Amino acid sequence: MSLIIGLSVVIVAFDGEKPRVLATRRDADLTALPFGAFDPAQHRTFELALRGWVKEQTGFQLGYVEQLYTFGDRDRESPEATLLDAPQDARVVSVGYLALTPEAERLPDAFEARWRGWYRHFPWEDHRGGRPAIIDKVIAARLSTWAAGNADRQTRARSAFGLDGEDWPDEAVLERYELLYEAGLVAECARDSDLPLPDANLGEPMASDHRRILATAISRLRAKIRYRPVVFELMPDRFTLTALQNTVEAILGQKLHKQNFRRALDRTGLVEGTGEIESGTGGRPAELHRFKREALRRTGARGLSAPVVKGR
Numbered sequence: 032m033s034l035i036i037g038l039s040v041v042i043v044a045f046d047g048e049k050p051r052v053l054a055t056r057r058d059a060d061l062t063a064l065p066f067g068a069f070d071p072a073q074h075r076t077f078e079l080a081l082r083g084w085v086k087e088q089t090g091f092q093l094g095y096v097e098q099l100y101t102f103g104d105r106d107r108e109s110p111e112a113t114l115l116d117a118p119q120d121a122r123v124v125s126v127g128y129l130a131l132t133p134e135a136e137r138l139p140d141a142f143e144a145r146w147r148g149w150y151r152h153f154p155w156e157d158h159r160g161g162r163p164a165i166i167d168k169v170i171a172a173r174l175s176t177w178a179a180g181n182a183d184r185q186t187r188a189r190s191a192f193g194l195d196g197e198d199w200p201d202e203a204v205l206e207r208y209e210l211l212y213e214a215g216l217v218a219e220c221a222r223d224s225d226l227p228l229p230d231a232n233l234g235e236p237m238a239s240d241h242r243r244i245l246a247t248a249i250s251r252l253r254a255k256i257r258y259r260p261v262v263f264e265l266m267p268d269r270f271t272l273t274a275l276q277n278t279v280e281a282i283l284g285q286k287l288h289k290q291n292f293r294r295a296l297d298r299t300g301l302v303e304g305t306g307e308i309e310s311g312t313g314g315r316p317a318e319l320h321r322f323k324r325e326a327l328r329r330t331g332a333r334g335l336s337a338p339v340v341k342g343r
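Residue numbering for the sequence shown is 32 to 343, as defined by our numbering.
The structure is reproduced here in structure tokens:
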């Protein structure tokens, strides 16, 4: 059995309404992350290989990037990692990365790459307009059937999806997806196990284990936004406070309390007004602000408070 290291990256941008990820169509018409194999004879490091693959497949030049996780497990409860043109008996160890960019820039037409909203793959994750109906109308009933008579499964389902009055843990994106995979409720499980497709459409599937990697990236970003100022990697040089709050809400999939968010933001000292006024929006004029990177040297790394509006 040969061992192949597969590299993939979740490239995130925000378009003012929803988080988007850069996706390709290289594997049987399934949406895929930019990915490729690491070749030690050709590539000096994983990151250099990754940057080369992304440029070759999408025309996009990576900026900020960090390693997410290495997926090497092989069992019936985990999505199977695969690579195009890999030997039939090859074992693929999947290494995922996260990259952030302030703009979903237009890509050259020569590449089969497009920016796609990430919630189309996880429709139960966006609570900005209230709790998605798919949770209580579809997911809860199927998980109840799967977990019947098993106390551990019942507890996991309740805590992951905020069932039976429990709070919604917005950072548990990966746990939710893996629970649905284990329960046989997502298309990737049927594909990997040669089973019939589930009777309910729980989000768009992705090639290989890429939906799992995307779930890992969303989990990481939702957690990290609270203790590191990474959200500013998604912002332009000048932005309004409303735009900043909209970005945080879109990442978390939850609405925030405006006054509490701004008070907490003021305490961080991470932003300052520029004296410029946003123009041409047709709405109420708002001052533009900037991220004070120099403040990090004095205060150390800190994230943004996320005072979620309760009862949604």
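All residues carry an ideal CB built from backbone N, CA and C; glycine is no exception. All figures in this text were calculated on a predicted structure; none of them were measured in a lab.
Here the C-alpha atom of Thr176 lies approximately 27 Å from the C-alpha atom of Gly284. In this structure, the CA atom of Asp201 is about 13 Å from the CA atom of Pro163. Excluding five sequence positions before and after Leu211, the CB atoms of its chain that fall closer than 7 Å to its own CB belong to Val217, Leu233, given in chain order. In this structure, Phe102 sits away from Ala246, with a CB-CB distance that is not shorter than 8 Å. Along the length of the region 117 to 150, whole beta strand (DSSP E) runs at least 3 residues long occupy 122 to 131, 144 to 148, reported in chain order. DSSP links Gly304 through a beta bridge to His320. Apart from sequence neighbours up to five positions away, the residues of its chain that approach Arg173 with a beta-carbon distance below 6 Å are Leu216, ordered along the chain. Looking at the DSSP output, Pro50 sits in a beta bridge with Phe45. DSSP places Ile36 in the strand class (E or B) of the three-state scheme. For Thr101, DSSP records a beta bridge to Val126. Our two residues, Arg253 and Pro65, have alpha carbons roughly 22 Å apart in a direct line. Under the DSSP definition of a beta bridge, Val339 partners with Leu287. Contact between Gln276 and Leu265 fails: their C-beta atoms lie close to 13 Å from each other, not under 8 Å.
Membership of Leu216 in any alpha helix (DSSP H) is not indicated, and neither H nor E is assigned to it by DSSP. Distance from Thr55 to Glu143 at the Cβ level is roughly 6 Å; contact confirmed, criterion being Cβ atoms closer than 8 Å. Nearest to His320 by C-alpha distance, out of Ser336, Leu301, Ala326, Arg333, is Leu301. Here Phe77 carries a helix assignment [DSSP, helix/strand/coil].
Spanning the alpha carbons of Ala221 and Arg189 requires a straight line of approximately 24 Å.
With a cutoff of 8 Å on beta-carbon distance, Phe91 and Leu53 are scored as near each other. When DSSP reads this structure, Thr176 sits in no beta bridge, so it has no partner. Annotation: the continuous alpha helix (DSSP H) that includes Leu252 extends over 241 to 255. Separation of the CB atoms of Arg82 and Leu93 is rounded to 5 Å, and the pair is thereby assigned contact status at 8 Å.
Annotation for Leu61: Pro236, Met237, Ala238 place their beta carbon closer than 7 Å to its own, counting only its chain and skipping 5 residues before and after. Taking a C-beta distance under 8 Å as the contact criterion, Leu335 and Arg257 qualify as a contact pair. Annotation for Ala68: the continuous beta strand (DSSP E) segment containing it runs 66 to 68. Contact annotation, Phe292 with Pro338: C-beta distance approximately 6 Å; criterion of less than 8 Å satisfied. The beta carbons of Glu280 and Arg159 sit closer together than 8 Å.
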